[in-house]
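Numbering (full-length UniProt numbering), first residue to last: 1 to 166. Beta carbons are placed, not taken as given, at the ideal position from N, Cα and C, and that holds for glycine. Model, not experiment: these values are computed from the prediction.
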C-alpha cells in the first residue's frame, strides 16, 4: 500500500488545496491530509475546526481513501508513524518551489521521505489562504475560492477579530 501525506496549515483550506488533495487521492492508496500546527503562528481557525472543514469538504467530493488529522511535530515523524513514503505539495507560480525545495531536502535527509511536487491547476493557482483572508477582511467575495461552508466561518472569524480591536 502506498501512503502519501499532504501537509499544510490549511487556515483556511482553499479550492486549490482541495484540488491537490483530490488529485493525490487518484495516485495513492491512502492520502493523509495533515493540519500542521505551528506554535509560531496564530491561526484564524482552531486545529479541530480546520480538520473538520477538510473532512466535510472531502466527504462531499467522495474521497474515500483520505484520512484527515493534525500534528504538532515534524511531518517526517508523522510519515514514519503512518508508513508514508512520500509527501505531496502543491506548487503555484509565486515562488512556492524555492520555499518547498528546502523543506523537501530536509525531509529526505531526516527520514528518507521523498516529496512530490504537484503543479496547481492554472484556474486555482492564484488562490492562497493568505489571499482568501485578505480578500474577506476587505469585504470581497471569496465564494469559489474556499468550500462553501468556509465563507460564513470567515465572516464570523473576522467579525470576532473586529470586536477584539474595539
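Tell me the DSSP bridge mates of residue 117? Paired residue(s): 89.
By DSSP's criteria, residue 147 is part of a beta bridge. Which residues make up the other side? In the DSSP output, where bridge partners are listed per residue, residue 147 has none listed.
Residues in the same chain with beta-carbon distance under 8 Å from residue 61, minus the five sequence neighbours each way, listed in chain order, please. Taken in chain order, the residues that qualify are 18 and 22.
Classify residue 33 as helix, strand or coil using the three-state DSSP reduction. Residue 33 falls in the strand class under three-state DSSP.
If distances are taken between C-alpha atoms only, which option among 77, 3 and 159 comes closest to residue 109? Taking only the C-alpha atoms, the option nearest residue 109 is 77.
Which of helix, strand or coil does DSSP assign to residue 4? Strand at residue 4.
Determine, using beta-carbon pairs with one atom in the stretch 37 to 51 and one in the stretch 74 to 88, whether at least three such pairs fall under 8 Å. The stretch 37 to 51, when compared against the stretch 74 to 88, does not touch it at the 8 Å Cβ threshold.
Quick test of your reading: residue 124 and residue 136, contact by CB under 8 Å. State the CB separation rounded to the nearest angstrom. Contact flag wrong, Cβ pair sits at about 17 Å.
Using the C-alpha atoms, what's the distance from residue 31 back to residue 6? In this model, residue 6 and residue 31 are separated by some 7 Å (Cα to Cα).
DSSP has residue 49 in a bridge; who is on the other side? Answer by DSSP bridge pairing: none, since residue 49 is not bridged.
Along the chain, where does the alpha helix (DSSP H) that runs through residue 76 open and close? Its alpha helix (DSSP H) spans residues 75 to 82.
Residue range of the alpha helix (DSSP H) that includes residue 20: Counting along the chain, the alpha helix (DSSP H) containing residue 20 begins and ends at 15 to 27.
Where does residue 70 sit, in a helix, a strand or coil, going by DSSP? The three-state secondary structure of residue 70, taken from DSSP, is strand.
Can you tell which of 16, 3, 141 and 119 has the C-alpha that lies nearest to the C-alpha of residue 58? Comparing Cα positions, the closest option is 16.
Between 117, 142 and 138, which lies nearest to residue 128 when the distance is taken from Cα to Cα? Of the candidates 117, 142 and 138, the one whose C-alpha sits nearest the C-alpha of residue 128 is 142.
Quick one: what does DSSP say residue 142 is sitting in, helix, strand or coil? In this structure, residue 142 counts as coil in the three-state DSSP scheme.
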